[in-house]
Structure formats: C-alpha cells, structure tokens
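In order, the protein sequence lines correspond to chains A and B. Using my numbering, count along the first sequence one by one with no gaps and you end on 626. Using my numbering, count along the second sequence one by one with no gaps and you end on 626.
Protein chains: 2
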Amino acid sequence: MSQRPTIMDVAAAAGVSSATVSRVVNGVASVDRDLARRVRAAVRTTGYVPNALGRSLRRGGTAQIAVVTPDAENPYFTQIISEVERIVRADHYSVTVAHTEDDLDLERDCFAQLVGRHVAGVLLVPVHGARTDLSPLTDAGIPVVLVDRWIDGAATDLVATDNIEAGRQAARHLHERGFRAPAVLTGPSDLRTTEERVVGHLAAWRELGVAAPDSVIARGDLHLESGRELMAQILAAGEADCVYVTNNRMSAGAFESMRGVQDAPALLATDDDLWTRLVTPSVSVVHQPVRATARAAARMLGQRMTDPEEEPSTTLLRSRIIDRESTRPR
Amino acid sequence: MSQRPTIMDVAAAAGVSSATVSRVVNGVASVDRDLARRVRAAVRTTGYVPNALGRSLRRGGTAQIAVVTPDAENPYFTQIISEVERIVRADHYSVTVAHTEDDLDLERDCFAQLVGRHVAGVLLVPVHGARTDLSPLTDAGIPVVLVDRWIDGAATDLVATDNIEAGRQAARHLHERGFRAPAVLTGPSDLRTTEERVVGHLAAWRELGVAAPDSVIARGDLHLESGRELMAQILAAGEADCVYVTNNRMSAGAFESMRGVQDAPALLATDDDLWTRLVTPSVSVVHQPVRATARAAARMLGQRMTDPEEEPSTTLLRSRIIDRESTRPR
DNA sequence: CGATGATCAGGAAACGTTTACCGGCACGAT
DNA sequence: ATCGTGCCGGTAAACGTTTCCTGATCATCG
C-alpha cells in the first residue's frame, strides 16, 4: 500500500515541527494548548501510529519482555505466560514467547535473538541448571529473572515454589491419611526443581519415623509417557501404598496407568491441572501458586529493569495441598 | 554496562567499512575471502550481534509474526501458538503473542501496537465476527490470516475446521451408537464457529430421520462454568439420551456435571484435550486438526507476506471422531 | 598498448524517532 | 529603558543498519 504516515506528515499537516509532534504524542514538556490540539487533530486525520522501531532505536531499548520456557503447552507455563502478559500490559510492555523444547542449542539461539532485538528483560525457565549459559544476556545488560528452575551459581533473581516444603507437605499429607509405604515418581536427578521435592519428601518421611528406602524413587524425563511406564512398574512391584509424583505431566501419565486398577495406591500429584478434578477418583495435588509466581517474577523483573545494580534475591512461594479422593484413607 | 558493539566497532576492528561488514554478516554479494575471514574474526572477538531495530527500521519491516488469541490458556490456542512458533522459527521469524480476553477494546489496542511495531504478519482469532475491525491492520498493509473464527464479509484468508461437517460427524456418530434424543450445548449464537457445528449437527439428525426440536439447544458463553450449569439443567430435564458439546471448555464443565451420575446421557465433546481420555468414562470427542490448522495458517500467511495481492482463500480442515467410552451403545 | 567491462569496497544517505541545544519572545524587575 | 529570566518551539544530530552510487583495481579483448 501507500506508505504509512510518519511524524513528518503529521508535522506538516499541523504546521509544526516534528519535535512538537513528538512532544505532544509522548505527553512530555508543555506545548501550547492550541498547538497541541492541532497536532492531535492531525494525528487523527492522518491515522498516524508512531513507529516503535524508530523510537526504540533512538531510545536504546524496546518495551518488550520475553518469556522463555521449555514447553509452551505445559499448563504451568502457559498460565505463567498468560498472567505475565496481563500484568505487564498495564505498563505498556508487550510479551514475546519462545520455547526452547529443553534443547540447549535452541536456547542459545534464542538468547542471541533476544539480545539483537534489545528486549527490555527476560523471564526464563532455563533448560539446564549447569549448562545454560546466561552470559549472552547478562553481558548485553539485559535483566533476567529465573522462574521455576535454578541455575547453579548464577547471581540472578529467582522466583519459584518452595519445593522442599512442597515435598514435605506431600509426605505429611500422605502420612496423615494413614499411608506408610511411599513411592516417588520424579524427574531427572539433575533437575533441582523436582529433586528438591524429593529431598523434602524423604526428609519428612524420615522425621515421621518412616524409613523410605531409596529404591522407591523412580526417575523419568518429565514427559507423560515416562510417568505412565514408571507407574506401571510400581504397580507391578506392588509394594507402595501411596505414590507422590513431582511433576504435572508425569502425574497425568501415572494416573493413566492406575486408571481403573483395583486397590491402586494413593496418588498425590503435582499442579492443579484440569484433569485432576475431573477424573475418578479425583486426584489430590500439591498446588503451586502459579499466579503469584508470575506476579512476583514480573515485579522482580520490573525492579531489575529500573535498578540493575541491586543484589539478586530469591523468592520462594508456598504451595498447598488440595485434598481430593485419591488420597482418602483406606 | 558498557555499550554493545555496533557494526562500526566491527568495521574498525577488521579495518574495513561498515558496508563490508554488513555484506558479510548478511551473506549478500561477494566479498574477498580474506576480508570476509577478517570480518568474521572481528565479529567473534567483539561479540557483535546485529541490532534488529536498526535493521528493521532500514529495511522497513520486522521478522516477527503475531498470534492474537482470545485466551492464551485454552489448549486449542496454546497448541496453535506452539506449533506456529516451531514452524516460523525455521524461517527466522519469531512470534509475539497477545491475548484479547474476548474484549474488543483490548483487541483494538493490540492492533495499534502491532501496527506500530511493524510486525510482518498476524494470525488472528478475532473477538467478534461483526465488531472486530481489521482495518487498522489492513490499512497498514499487514497481512492477516484468520484462524478458527470468521469475520463477516472480510476479504481475508481463513483457516478453520470444517465446522458444519464436524457437527454432522457428531450426529452420525451418536445415531450410529443408537442414540435418538439429542441435546446440544453450544456457545453464543453469534459465534459462527460453534453455530455452524450446531447447524450441521441438526441437519444431519434431520436427514437421519430424527426431529430434533430447537429446545434441546442450550447456549452458554464458552466458559467451563456455563457448560456445567447447562448440563445440570439438561440432566434435570431428563429428556436427552445424548449430548453434543461444541467447545472444549464447556465440554469440561458438562462432564463435571455428569461425573458419577447414574444413567447419564452419552457425551460427545469437542477437542482431544488431556482430560477427555483420563476421566471415567473416557469421553469421545470431535477432534479438530490443530497442528494441521497451525501449519496451514502459517503457510498461508507466508504466501500473503510475499504476494499481498492474491485473492483471499478459505481453508477448511476435516475433523474426526475419537471414539471412547462415553458414547458406547447402552 | 589502450579501452572497456567486471568486480569489489567504501562513502554517504536514508529509515523514523527523540532530545540536546539554541533562539526568540514576553514579561518582570531594576 | 535595559537586562535577565523563563518558556516554548524549531533545528539538527544521533540511534544502527542497509544499500545506492561511485571509484578503484584488475583482467580481457580489440
């Protein structure tokens, strides 16, 4: 089509300079009432929309924040994304998403992209606690806030669930309901998020006087299928009277395996995803405070964007048990 | 921090002009092998990353495509987003998301944003078939492809499920299984997506010799709660032996209402969301070809970006029934 | 051997903003 | 009356690229 109107066109239409138009559009400094009115009229008649590229180039920064997650279809992450967007929209920031698919190469490419695009900040769920390299972002002076997953030794803000406590809550809940032979379905041992849940869980069982042998810990890869397979093995072994699953996708797989099975062990899953309350028996879960996590992360990122020199901090949010049928006393 | 290196820094380091650096970085034209090597070395040592803002400003366009949906937490839309990102990434495009929350004002603001940011194209699930105003986008020359929902009279590409056929499939399936007293749970009558499913559904029942009175159509607002409430009413009336729900969120609500109810009517839901195969009885669904929709939409947008003048077309993709327990013959 | 053409690198303009700086004007104070 | 002070608007530079155009070098051919 025809070219879009620029600030120059507006200036010409209003009979003023581009500087004045800019001042009016950005509401900065004071310009004569009549002039301002004329400018606004010209903006309307020309249909002028400021070019964000020119603006960002001149200002040296965009109004975009990036949310980078391993899996954009996981409800936990989609809720985070959705909530973050809602929050930052109020400050006229927009959100770009990228998924890394748990692939370090994709993550690296993604970081380069974000640096080139001069995003104002990044909310990151890193692929790996040791091998994710934040330096492209930090070297470029882009504030990063970690969400849900740690990076070893990184001097970076983090917002996450208090996972040790989450694991303890799970153990206490199961113990209270009368179960005494726990099993755990969890993720890879180098993923701190799920591993801390296991640590807290086992510690709590020990304190409660139940010696939980290491053998009851089954490790998968966070995907639904591995949850299904590992649960099948646990059922076959037939030694556990309750199972705690530390991750939402594996929880679904685990449930699938025990669906309809007589005298199945109690199931305590992670995350209050929709299916957990629709299935029979409905599934008790450790509910992570997703919205609160998103809010805290967004707030923290905002702080870092205004004051980059402050000390990084860690915010741990408390989960809670949602008690349903799958952990009823037998 | 210190300033980021610009193309000038690289040029100085390599002892060439910025033009040459640009040519090397973009792999355009031919530059001397030695020079190119020197430039690449300088890029590495300086840690240069091209500034996408400068580039886009100069080139007059970005490499971003926007996906605008009403609800970023609905699995149907998240799958679309996720798949689109995966596809366009191959062409070095990135994706920005915005949710409109079914709010026309938000949608309008969002369009203005996108125009200002000079996105290369938009994949849009419009808020309203009559009141969504595409002109800000089209006036700015931004290609738009509609996904899942129509806009009345818009000369715009559309990719969607063949909803009339989907409704017919639903009726045929239920009839085949021996049900003869259908009810329908659907969205607002001005939403063509769900309304066409109803139309096709009723037409198919009629052809099958079952006169379905209009009274069996219950209209909600697409949210889970309305599905729950309307299903409760249908159960109370006790006249239907099968229920077709035309939308995924309402499907979940409907199931919730009939969960554990003796002699509940058969349920045929929409979308193969996770819960449908985990619940008891597992729920038969009309499965929309989500990935294929995303692929078709991305491809179509690509075409419009290269050739804006072509005639708009409509692509309808065929759904299929996934047969589970909730529609077993009684 | 000179002219022509091909090839390649650099200079500089342009993309659309914002903003530092300057100039002009009005007004008040000395 | 003159000078100083504020205020407000315009001029122009700058942000970092890409790309047109020009000029230089070199080879080929007449």
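No residue lacks a Cβ here, since even glycine has one placed at the ideal position from N, Cα and C.
C-beta neighbour in chain A for residue i, strict 8 Å
i: V391 (chain B); result: yes
i: D399 (chain B); result: no
i: L570 (chain B); result: yes
i: R476 (chain B); result: no
i: R515 (chain B); result: no
i: A310 (chain B); result: no
Amino acids of chain A, ordered along the chain, whose beta-carbon sits closer than 7 Å to that of residue i
i: A408 (chain B); result: V345
Within chain B, partners of residue i - CB distance below 9 Å
i: A386 (chain A); result: None at all; the shortest Cβ gap to chain B is about 12 Å.
Within chain B, the residues that residue i reaches when beta carbons sit closer than 8 Å
i: Q375 (chain A); result: E369
i: T492 (chain A); result: One point to set straight first is that residue 492 (chain A) is Glu, not Thr, in the sequence displayed. None at all; the shortest Cβ gap to chain B is about 26 Å.
Cutoff 8 Å; reference residue i; Cβ partners in own chain excluding five residues on either side
i: A313 (chain B); result: For the record, residue 313 (chain B) in the displayed sequence is Ser; it is not Ala. So the qualifying residues of the chain are A307.
i: Q360 (chain A); result: Y389, S390, V391, T392, R413, V415 and A416
i: V441 (chain A); result: G417, V418, L419, L420, T452, D453, L454, V455, A593, M596, L597 and R600
i: R468 (chain A); result: A500 and L504
i: P346 (chain B); result: I303 and V321
i: T341 (chain A); result: A309
i: L520 (chain B); result: R545, M546, A548, G549 and E552
Where residue i meets chain B, residues with beta-carbon distance less than 7 Å
i: G412 (chain A); result: V345, P346, N347 and A348
i: S378 (chain A); result: A368, E369 and H395
i: E552 (chain A); result: L574
CB contact check: residue i to chain B, cutoff 8 Å
i: Y602 (chain A); result: A quick correction: the sequence has Thr, not Tyr, at residue 602 (chain A). No, because no Cβ of chain B sits closer than 8 Å to the Cβ of T602 (chain A).
i: E525 (chain A); result: no
i: S352 (chain A); result: yes
i: M297 (chain A); result: Annotation note: pLDDT 49 at M297 (chain A) (below 50); position unreliable, coordinate value reported separately. Yes - at least one Cβ of chain B is within 8 Å of the one on M297 (chain A).
i: R300 (chain A); result: yes
i: S609 (chain A); result: no
Close beta carbons around residue i, own chain, < 6 Å, minus the five adjacent residues each side
i: R626 (chain B); result: none
i: A332 (chain A); result: V320
i: P561 (chain A); result: A536, D537, C538 and V539
Where residue i meets chain A, residues with beta-carbon distance less than 9 Å
i: G556 (chain B); result: T576
Cβ neighbours of residue i in the same chain (closer than 7 Å, five flanking residues each side left out)
i: A394 (chain A); result: A362, V364 and C406
i: V384 (chain B); result: I361, V391 and A594
i: V494 (chain A); result: G463, V480, T482, I513 and T542
i: A450 (chain B); result: L430
i: W446 (chain B); result: G425, L454 and R488
i: D569 (chain B); result: P371 and N544
i: G516 (chain B); result: L481, G483, S522, G523, L526 and M546
i: I530 (chain B); result: A479, A514, A536 and V539
i: S553 (chain B); result: R524, M527, A528 and L531
i: R336 (chain B); result: V320
Neighbouring residues, chain A, relative to residue i (Cβ below 8 Å)
i: A548 (chain B); result: L570 and L574
i: E381 (chain B); result: A368, V393, A394 and H395
Near the ligand GDP: residue i beta-carbon under 7 Å from a heavy atom
i: G356 (chain B); result: Looking at this structure, you won't find the ligand GDP or any other ligand, since it has none at all.
Uninterrupted beta strand (DSSP E) stretches inside the stretch 369-449 of chain B (no shorter than 3 residues):
390-395, 417-420 and 440-443
Taking Cβ-Cβ distances below 9 Å as the criterion, which residues of the stretch 421-452 of chain A are in contact with chain B?
P432, T434, D435, A436 and G437
Entirely within the stretch 570-618 of chain A and at least 4 residues each: give me those alpha helix (DSSP H) ranges in chain order.
570-574 and 586-602
Length at least 3, wholly inside the stretch 515-541 of chain A: the beta strand (DSSP E) runs in chain order:
As far as the stretch 515-541 of chain A is concerned, its whole beta strand (DSSP E) runs of at least 3 residues are 538-541.
Residue ranges of each alpha helix (DSSP H) run of no fewer than 4 residues wholly in the stretch 330-360 of chain A, ordered along the chain?
348-355
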